[in-house]
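**Q** Please read through the structure below; I'll follow up with questions.
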Amino acid sequence: MPEAVLREPAAPLKPPTLLSRLMVNRDWLGFWFMLPAAAFLVLFLAYPLALGIAYSFTDAKIGQDIGSANFIGIENYQWLIGEFDCKWEWAAFWSRLFGGDFGALGALCKIVGDDQFHLAVFNTLFYTIVASVLKFAIGLYLAVLLNNHLPFRAVIRAIVLVPFIVPTVLSAIAFWWIFDPQFSIVSWSAKQMGLATENINFLGEPWNARWSAIFANVWRGVPFIAITLLAGLQTVPPSLYEASTIDGASRWQMFRYITYPLLTPIIAVVMTFSVLFTFTDFQLIKVLTNGGPAGSTELMATLSFNRAILGGQRIGEGAAISTAMIPFLLACILISWFGLQRRKWQQGEAND
Amino acid sequence: MASVDIRDVKKAFGSHAVIHGVSVGIDDGEFVVLVGPSGCGKSTLLRMIAGLENITAGEIRIGDRVVNQLPPKARDVAMVFQNYALYPHMTVAANMGFSMQLRGTPKAEIEKRVARAAEILGLAPLLERFPRQLSGGQRQRVAMGRAIVRDPQVFLFDEPLSNLDAKLRVAMRTEIKALHQRLKTTTVYVTHDQIEAMTMADKIVVMHDGIVEQIGEPLDLYDRPANLFVAGFIGSPAMNFMKGRLESGRFVADGGAAVPVANGAAAKSGRATLGFRPEHIAVADDGIETRVVVVEPTGSETQVVVESGGQEIVCVFRERIAAQPGETLRIRPNPQLVHLFDETSGQRLN
Ligand SMILES: Nc1ncnc2c1ncn2[C@@H]1O[C@H](COP(=O)(O)OP(=O)(O)OP(=O)(O)O)[C@@H](O)[C@H]1O
Ligand SMILES: [Mg+2]
Chain V
1 MPEAVLREPA
11 APLKPPTLLS
21 RLMVNRDWLG
31 FWFMLPAAAF
41 LVLFLAYPLA
51 LGIAYSFTDA
61 KIGQDIGSAN
71 FIGIENYQWL
81 IGEFDCKWEW
91 AAFWSRLFGG
101 DFGALGALCK
111 IVGDDQFHLA
121 VFNTLFYTIV
131 ASVLKFAIGL
141 YLAVLLNNHL
151 PFRAVIRAIV
161 LVPFIVPTVL
171 SAIAFWWIFD
181 PQFSIVSWSA
191 KQMGLATENI
201 NFLGEPWNAR
211 WSAIFANVWR
221 GVPFIAITLL
231 AGLQTVPPSL
241 YEASTIDGAS
251 RWQMFRYITY
261 PLLTPIIAVV
271 MTFSVLFTFT
281 DFQLIKVLTN
291 GGPAGSTELM
301 ATLSFNRAIL
311 GGQRIGEGAA
321 ISTAMIPFLL
331 ACILISWFGL
341 QRRKWQQGEA
351 ND
Chain A
1001 MASVDIRDVK
1011 KAFGSHAVIH
1021 GVSVGIDDGE
1031 FVVLVGPSGC
1041 GKSTLLRMIA
1051 GLENITAGEI
1061 RIGDRVVNQL
1071 PPKARDVAMV
1081 FQNYALYPHM
1091 TVAANMGFSM
1101 QLRGTPKAEI
1111 EKRVARAAEI
1121 LGLAPLLERF
1131 PRQLSGGQRQ
1141 RVAMGRAIVR
1151 DPQVFLFDEP
1161 LSNLDAKLRV
1171 AMRTEIKALH
1181 QRLKTTTVYV
1191 THDQIEAMTM
1201 ADKIVVMHDG
1211 IVEQIGEPLD
1221 LYDRPANLFV
1231 AGFIGSPAMN
1241 FMKGRLESGR
1251 FVADGGAAVP
1261 VANGAAAKSG
1271 RATLGFRPEH
1281 IAVADDGIET
1291 RVVVVEPTGS
1301 ETQVVVESGG
1311 QEIVCVFRER
1321 IAAQPGETLR
1331 IRPNPQLVHL
1341 FDETSGQRLN
């Protein structure tokens, strides 16, 4: 009697609880899957960030927890940024410009405030811009070079990666030796070749130190850019080069009109990362110069650490310096975000 | 426009020889199709004409210049690639004008010529689109447009239609042919599709394993294939072959079937391979006795596969045949239209 069996009322199902329904609901399922990652992000990124910002509005000393610190509003920032003192003096401006004191450069007024902080901002921007431009140029050149049919290409590619693999601190120590005032191999070679008469004071002079730090940073950062761009180059279909050869393009024209435009999306990504990493650089400077001489290589990150942990032990002030980096980083991300938006030619189905 | 002369050209990739001495003469304004099975070296030969591959030995002339050592841009050829190779970041107009832009042609002149080419190919409304926004057939036309704006000495096509669906392929075939009749530019066209070769070519070059098997006009290749390979390659469905021996005006197959032959084959004797096309078979009461295996009516004709002495024979009849599988059918190849080939060398005998 199959019909009878079918008609027999099924055992009454328990109405599902709210929780069990949420566990299987499609919309909520995504949420559950995101939960572990979100927990990590909140714990290790959002929480410290929020705490840092909170500290920046207090006068907390090291070891003091946020609850017991005094809330002082934006006083830390006021101190750091200072005020404009608008007695414009050309003589003072020029002497500062050529004297290497950049506390006042770029402003029409003299800024009365934390000169160390101002110098660190200048150093950070200079370091980031110069190093990023150099890394981009050298990285792109290397990538194009490595994309050719070189002998021992695999070996050369592996060698290019070495600076990236070595821990930053190790390479910083190596550079410390290379730039040593007495035992520098560079000074020694220069003297041997008759290019210099005495040791070069790489890390003792402000500008020498800045360029030395930039050099070390470029050395370390180039492989990342070169290898990423190389991966990008290999996605360009070879038939495009053949077509452009027949169209009559020279090597340079091929790069200018085919390779470079097709590479721009990857360039935008890799340069964003590179700028972010350079802007927040800490290890290299800490080991190589420790901000010296006289703060001429002090970056915002190292200054923040020094104020918060080492010398000053003023957590609030250090936190304010760190927080002051956020607008710069956001600006950088926004620029690349607009640069990264899918261009019109990328929309639609692929060519091949 | 110019003639192209390929003399004893060889190509090896390292120690791996791919083309073993090919000679083809192409007249000014001729439409030549290189056809052959996959891997026979058609693309390689075309790319040597374009200058994308070095020539290992031999000589290629375009017009009266030996181009062996000339870079592609000095050869004044235009090529249409199988995957079109359109520049994805350039509009249709920019793709077509790129070669002129590189040579510093004035903007107004570029625009004029691009507009004219777009007119010919019906691309005018698409000039501002990017390749990704086009259909396959439209991309194909842009690739052709890129070739014709330059008004080159020679057009090179490497299987330009193989990415299109059957219907579009037929349409584009006609378009390319019409374009050639209009522009009269010397054209070398590579395909592995023999229908494409037959319908488009002034002259077909049949290649096989890096050598040329036969050069000739399409119907010549069909009517008088020079060897077994060409006989089997040209024509669809393919020619039927039987091994056997010739004796006193008849061909006696090893399976026992006897076929009367004429047209110069009657005088010969000894072992040979007989070839006859499926469409040259008639039903005849005194023909070979065969057993029907498959009947495939297509409406306009009936394709029947029969079996005789353990060998399958494909027949195509214009009339409708009411045969059933398993039945007996007596067939006879047209004695005037049979082909005889040497059993060992495969060369044509009649
Ligand atoms: N760069 C290369 N290195 C080594 N061998 C190659 C190279 N290019 C092609 N070949 C070989 O040369 C032979 C001919 O190749 P080719 O591309 O000319 O064939 P084809 O006739 O165009 O075939 P298809 O119809 O499949 O395109 C093949 O056996 C192929 O493996
Ligand atoms: Mg090919």
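Protein sequence lines, in the order shown, are assigned to chains V and A.
Letter by letter, the first sequence follows residues 1 to 352 of my numbering.
Letter by letter, the second sequence follows residues 1001 to 1350 of my numbering.
Even for Gly, the Cβ is constructed at its ideal location relative to N, Cα and C.
Only a predicted model underlies this, so the values are computations on that prediction, with no experimental measurement involved.
1. Find out if the Cβ-Cβ distance for the pair GLY1029(A), GLY1210(A) is shorter than 8 Å.
2. Would GLN234(V) count as contacting chain A if we go by Cβ distances under 8 Å?
3. Anything in the stretch 1135-1159 of chain A with a Cβ closer than 7 Å to a Cβ of chain V? List those residues in chain order, please.
4. Give the interface partners of THR245(V) over in chain A, defined as CB-CB distance under 8 Å, in chain order.
5. Hey, is LEU150(V)'s beta-carbon within less than 8 Å of any beta-carbon in chain A?
6. Inspect the CB distances between the stretch 25-32 of chain V and the stretch 40-58 of chain V and report whether three or more fall short of 8 Å.
7. Going by the beta-carbon positions, is the gap between LEU161(V) and THR289(V) smaller than 8 Å?
8. Could you tell me which of TYR77(V), PHE152(V) and VAL270(V) sits nearest to CYS332(V), measuring between CA atoms?
9. Could you spell out where the beta strand (DSSP E) holding THR297(V) opens and where it closes?
10. Is any non-hydrogen atom of ligand 1 found closer than 7 Å to the C-beta of SER239(V), if you look at the structure I gave you?
11. If you measure from the beta carbon of ALA1078(A) to each beta carbon in chain V, is any gap under 8 Å?
12. On a Cα-Cα basis, can you pick out the residue from PHE122(V), GLY248(V) and TRP219(V) that is closest to LEU142(V)?
13. Is there at least one Cβ from chain A nearer than 8 Å to GLU205(V)'s Cβ?
14. Please list, in chain order, all residues of the same chain as TRP337(V) whose beta carbon is under 6 Å from its beta carbon, the five residues on each side excluded.
15. Compute the beta-carbon to beta-carbon distance between GLY1318(A) and GLU1307(A), rounded to the nearest angstrom, for a pair I have assumed lies under 8 Å.
16. Taking 8 Å as the CB-CB cut-off, is ARG1007(A) touching chain V?
17. Please report the Cβ distance between VAL1338(A) and PHE1241(A), rounded to the nearest whole angstrom; I am assuming they are in contact, meaning their Cβ atoms lie under 8 Å.
18. Compare the C-beta of ALA104(V) with all C-beta atoms of chain A and state if any pair is closer than 8 Å.
19. Taking 8 Å as the cut-off, does the stretch 1052-1072 of chain A touch the stretch 1088-1096 of chain A (at least 3 CB pairs, one atom from each stretch)?
20. Identify which residue in ARG157(V), SER20(V) and TRP79(V) has its Cα closest to the Cα of LEU229(V).
21. Per DSSP, what kind of secondary structure is LEU1368(A) in: helix, strand or coil?
22. Go ahead and label ASP1076(A) buried or exposed: buried means 16 or more other beta carbons lie within 10 angstroms of its beta carbon, across all protein chains shown.
23. Run the proximity test for HIS1192(A): is its beta-carbon closer than 7 Å to any non-hydrogen atom belonging to ligand 1?
24. Could you check whether the Cβ of ALA107(V) sits closer than 8 Å to any Cβ belonging to chain A?
25. Can you list, in chain order, the residues of its chain with a C-beta nearer than 6 Å to that of ALA1262(A)? Leave out the 5 residues immediately preceding and following it.
26. Counting only C-beta atoms, is GLU1343(A) closer than 8 Å to chain V at any point?
27. Which residues end up in the neighbourhood of ligand 1 when you take C-beta atoms closer than 5 Å to any of its heavy atoms?
28. Between which two residues does the beta strand (DSSP E) harbouring TYR1189(A) extend?
29. With respect to the beta strand (DSSP E) encompassing ALA1226(A), which residues constitute its N-terminal and C-terminal limits?
30. My guess is that LEU1183(A) and MET1172(A) are in contact by the Cβ rule of under 8 Å, so how many angstroms apart are they, rounded?
31. To the nearest whole angstrom, what separates the beta carbons of ARG1139(A) and TYR1084(A), a pair I think is in contact under 8 Å?
32. Looking at LEU1123(A) and ARG1150(A), is the spacing between their C-beta atoms short of 8 Å?
33. Quick check on DSSP: helix, strand or coil for ALA104(V)?
34. Please compile the residues from chain A whose C-beta is within a distance smaller than 7 Å of the C-beta of ILE258(V).
35. Can you round the beta-carbon distance between HIS1280(A) and PRO1333(A) to whole angstroms, since I take them to be within the 8 Å contact cut?
36. Quick one, which residues of the stretch 281-310 of chain V are near chain A if we go by CB-CB under 8 Å, in chain order?
**A** Checking against the coordinates, here is how it stands:
1. no
2. no
3. none
4. GLY1051, LEU1052, PRO1071, PRO1072 and LYS1073
5. no
6. no
7. Not closer than 8 Å, so no.
8. VAL270(V)
9. Note, THR297(V): premise wrong, no beta strand (DSSP E); not H, not E.
10. no
11. At least one chain V Cβ lies under 8 Å of ALA1078(A).
12. The shortest C-alpha separation from LEU142(V) is found at TRP219(V).
13. no
14. Excluding sequence neighbours, TRP337(V) sits near nothing in its chain.
15. For the sequence presented, residue 1318(A) should be read as Arg rather than Gly. Their Cβ separation, rounded to whole angstroms, is 22 Å, which puts ARG1318(A) and GLU1307(A) out of contact at 8 Å.
16. no
17. The Cβ separation is near 11 Å, so there is no contact.
18. Low confidence applies here, because ALA104(V) scores a pLDDT of 48, under 50, leaving its location unreliable; read the following figure in that light. No, no contact with chain A.
19. no
20. ARG157(V)
21. In this structure chain A extends from 1001 to 1350, so residue 1368(A) is not present and cannot be described.
22. buried
23. yes
24. Confidence in ALA107(V) is poor, its pLDDT being 47 and thus under 50, which makes the residue's placement unreliable; the coordinate value appears in the next sentence. Not one chain A Cβ lies under 8 Å of ALA107(V).
25. PRO1335 and GLN1336
26. no
27. PHE1013(A), VAL1018(A), SER1038(A), GLY1039(A), CYS1040(A), GLY1041(A), LYS1042(A), SER1043(A), THR1044(A) and HIS1192(A)
28. Segment 1186-1191, the beta strand (DSSP E) holding TYR1189(A).
29. No beta strand (DSSP E) contains ALA1226(A), which DSSP labels as neither H nor E.
30. That pair is no contact at about 16 Å.
31. 5 Å
32. no
33. Unreliable placement is indicated for ALA104(V), whose pLDDT of 48 sits below 50; no coordinate value is reported for it.
34. TYR1087
35. 6 Å
36. none
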